[in-house]
Amino acid sequence: MSFDAVTSIIEAEKAADASVSDAQTEARRLIAEADNLGRAAVESEKRRAEKEKAEMVSRTDALVAKANEDSAEEVRKSLEALRSIASGKIDLAAKIVAERITKD
């Protein structure tokens, strides 16, 4: 084999090694970039989910507060009705007692 042929082969091997090295470097860069993009996407989704969770908690709190207000109003109305009934029965009981006292 001639010296020129050997030199060409050596140069080709060096070029191939450089291409492999460049490809490996580019592959590592692409993997790191994809990893960073993936992490950014996960963080973005996490922030979106946290925001959605906060909104759901807020809506739920509002619904609970409204339900509590409605329940309190129902209890207040029931209490007033019971007081009215009790007041009427007290008047009736007083009348019955007074009649019994006056009969004797």
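If you read the sequence shown in my numbering, its first letter stands for residue 1, the second for the next number, and so on. Where is the CB? At the ideal position from N, CA and C, for every residue including glycine. Here the structure is a predicted model, which is why all the values come from computation and not from measurement.
- In this structure, the alpha-carbon of residue 42 lies about 47 Å from that of residue 10.
- Our two residues, residue 14 and residue 7, have alpha carbons roughly 10 Å apart in a direct line.
- In the structure shown, residue 1 adopts coil according to DSSP, grouped into three states.
- Excluding residues up to 5 positions away in sequence, nothing lies with its Cβ nearer than 7 Å to the Cβ of residue 24 in the same chain.
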